[in-house]
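Residue 1547 in the numbering used here is what sits at position 206 of the sequence shown, and the numbering runs on without skipping anything. Beta carbons are placed, not taken as given, at the ideal position from N, Cα and C, and that holds for glycine. What follows is a set of notes on a single structure, which appears directly below.
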Amino acid sequence: MIKIVECVPNFSEGKDKSVIEAISGAIKAVSGVKLLDVDPGADFNRTVYTFVGEPESVLEAAFQSAKIGTSLIDMRNHKGEHARMGALDVMPFIPIKGVNQNDCITLSKRFGKRMAKELGVPVFLYANSAIKSDRIKLPDIRKGEYESLEEKFKDPSFKPDYGKPIFIPKSGATATGAREILIAYNINLSTNDKTIASNIAGKIRTSGIIKKDKNGEKIIKSNGKPERIPGRFKFVQAGGMMYDENMAQVSMNLLNFHKVSMHNVYEAVKEEANKFNIKVTGSEIVGLVPMEALLLAGKFYSKKEKIDNIKEEKLVEIATEKLGLSNLYPFLPDEKIIDYMVEEKSKLISLNIKQFLTELASSSPAPGGGSVAALSGALSSALSAMVCNLTIGKDKYQDVEKDIKKSLKKIEKIKSKLIELIDLDTNAFNEVIKAFKMPKKTEEDIKKRKNAIQKGYKKAAMIPYKTAKTCQMILDIAQLLVEKGNKNSITDVAVSALMANSGVKSAILNVKINLGSINDQKYVKEISKELTEIEKQSDIQTDKIMKNILNQI
């Protein structure tokens, strides 16, 4: 997904599984949306849903879940510990990737308007969407909760932003708005003294600590509120808590990680902990985290250690290590990073090497040679990318760095394409098999089946054709790396070239076997001619590269 919005609606039902599942089903039914988490709380009698997707899809899923939730939940019978004012209590929209707060403000307003119009529920705008200053904070709108709504609607100042100021006993009212993503983050301390954790929390959180006189009494201001010493950071809520009987934690919510992120508070807590002669032993992320927050930490620590040109995966590794995210239990990026969870992983490339080889060795005809050809090219491109990265940043190769960086961008795109082709080849073969299984009872059935088979064979031929052409593109970059790349990695370039050429030849064989089943002879002749030229050029380039390398070693 190019654009990702997260939505975290809170529904006032945490006990009835049928209602909880019905709301989940409404979200899942919307194309382009992925439901990441459903967190019901029986005591709170509240369920928090987390789903992501493209903006328009998320907006539709938000409305459909609201429609189901408000139809099934009756607030007249609702009791729970958590503050609430409606069946759908709150519907926040959060920018994750390729969108900003203004985009999410627009989404929240469109949602609020539609909910009020079609479902008849009064809707209030809060957080960054708030039109009135006294509605920015949700507790200010929700004060008195569901039970006070009927009386509050009599006050003209409590007019909802959308809908009529009329109390709806069954559904109550809803708040919607745009806000930054909240990161729930805890930092572990080498002490079982909760008061130390609470003290450190007071030093770093926005609200700070209450100021006291020499007798230890609170200093009260003229407005009757205690005077406070501000904490080190804005956008941080924090308190001390116990993880277990042996370890205290500074538990916090980071309200705007773009301005105050995990590494900022982690380093600050380390400084404060030293004052108590204790250490920070690691940290944990509660729930999910956006990739960008980890990349910020990875860049901070890599810069500190003067490491440049690090890829995304490595930055995540550095952040995980430096923040001690695996201190309590393994930090699994695929299960914790929102961006990774959004990615629709295909069958083959989501397997580990052992699983892939087992699948390949099975009696199933797919995956087969076409997928292996694409894998060969992907391995080749990864090797060339490695040589690029081992060249960039080295004083000896400063004169060619611009060319190498340009090549790195190209090879990364090639690698991504070939990874995609691993699965596409298997999918294309399966479409041919599907066509053969079509009914053939009537003349019309036979005609449709024949056309589907021919269409399937053409697609099955075009996928390895693309693989061959893409693999050949690697050889242009390998040639440049032989001439300008890091000489210590020249044999890696050789392996890259050989794997690329193998990918070309293997893919071409898979094209040819499919061409033999295609009736369109003009098409077959044109593709065959192109294949001959691709293979010829690939052999010439590979021979040239290998001769050059062998002369240098």
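Check: Asn1860, buried or exposed, once every other Cβ within 10 Å from all chains shown has been counted against 16; Outcome: exposed
Check: Inter-stretch contact at 8 Å, needing at least 3 Cβ pairs: the segment 1521-1531 / the segment 1587-1597; Outcome: yes
Check: Supposed close pair Ala1403, Phe1352 - CB separation, criterion 8 Å; Outcome: Contact doesn't hold; Cβ gap of about 12 Å is too wide.
Check: Beta-carbon spacing of Val1393, Ile1343 below 8 Å; Outcome: no
Check: Top-ranked residue by Cα proximity to Asp1744, from Val1823, Pro1350 and Ser1757; Outcome: Val1823
Check: Residue burial classification, Glu1784 (beta-carbon count within 10 angstroms, cutoff 16); Outcome: exposed
Check: The segment 1570-1584 contacting the segment 1534-1551, beta-carbon criterion three pairs below 8 Å; Outcome: yes
Check: Neighbourhood of Ser1721 by C-beta, 6 Å cutoff - its chain only, sequence neighbours within 5 removed; Outcome: Ile1815, Ser1837, Met1840 and Ala1841
Check: Residue range of the unbroken alpha helix (DSSP H) whose run includes Leu1724; Outcome: Gly1710 to Thr1732
Check: Same chain only: Cβ atoms within 7 Å of Thr1411, ignoring 5 sequence neighbours per side; Outcome: Ala1428, Leu1429, Leu1460, Val1462 and Ser1512
Check: Straight-line gap, Asn1668 to Ile1545 (C-alpha atoms, nearest Å); Outcome: 22 Å
Check: Same chain, Cβ closer than 7 Å to Pro1436, neighbours up to 5 away in sequence not counted; Outcome: Val1346, Gln1442, Asp1444 and Cys1445
Check: Beta-carbon contacts of Met1682 that lie in its chain and below 6 Å, excluding the five residues immediately before and after; Outcome: Leu1377
Check: Buried/exposed call for Lys1737, threshold 16 Cβ in 10 Å; Outcome: exposed
Check: Three-state class that DSSP yields for Tyr1670 in the structure shown; Outcome: coil
Check: CB-CB length for Met1603 against Ala1638, believed under 8 Å; Outcome: 5 Å
Check: Close beta carbons around Gly1382, own chain, < 6 Å, minus the five adjacent residues each side; Outcome: Gly1355
Check: Residue(s) in a DSSP beta bridge with Arg1387; Outcome: Gly1382
Check: Under the three-state DSSP convention, the category Pro1433 falls into; Outcome: strand
Check: Inter-residue Cα distance where the pair is Gln1795 and Ala1802; Outcome: 11 Å
Check: Chain-order list of residues whose beta-carbon lies under 8 Å from that of Gly1665 (same chain, five-residue window excluded); Outcome: Asn1529, Val1621, Thr1622, Gly1623 and Ser1624
Check: Cβ-based neighbour list, Gly1373, same chain, cut-off 6 Å, excluding 5 preceding and 5 following; Outcome: Gly1394, Glu1395 and Ser1398
Check: Environment of Ala1609 [buried if 16+ CB atoms lie within 10 Å]; Outcome: buried
Check: Secondary structure of Ala1370, DSSP reduced to three states; Outcome: coil
Check: Collapsed DSSP secondary structure at Asp1585 in the structure displayed; Outcome: strand
Check: Beta-ladder partner(s) of Cys1348, from DSSP; Outcome: Phe1392 and Phe1434
Check: Simplified DSSP state of Phe1465, which is helix, strand or coil; Outcome: strand
Check: Exposure of Phe1777, with buried meaning 16 or more beta-carbon neighbours within 10 Å; Outcome: exposed
Check: Start-to-end residues for the beta strand (DSSP E) that takes in Glu1529; Outcome: Going by the sequence as given, residue 1529 is Asn instead of Glu. That run of the beta strand (DSSP E) goes Ile1524 to Leu1530.
Check: Where the alpha helix (DSSP H) containing Thr1811 begins and where it ends; Outcome: Glu1784 to Lys1825
Check: Endpoints, the beta strand (DSSP E) within which Val1627 is located; Outcome: Val1621 to Val1627
Check: Of the listed residues Leu1701, Arg1417, Met1727 and Phe1617, nearest to Lys1828 (C-alpha basis); Outcome: Met1727
Check: At least three beta-carbon pairs within less than 8 Å, the segment 1845-1862 to the segment 1703-1716; Outcome: yes
Check: For Ile1678 and Val1630, believed in contact at Cβ under 8 Å, the rounded distance; Outcome: 6 Å
Check: N- and C-terminal bounds of the alpha helix (DSSP H) containing Ala1428; Outcome: Run containing Ala1428: none; DSSP gives neither H nor E here.
Check: Spatial distance of Ile1482 from Ser1725 (CA atoms); Outcome: 57 Å
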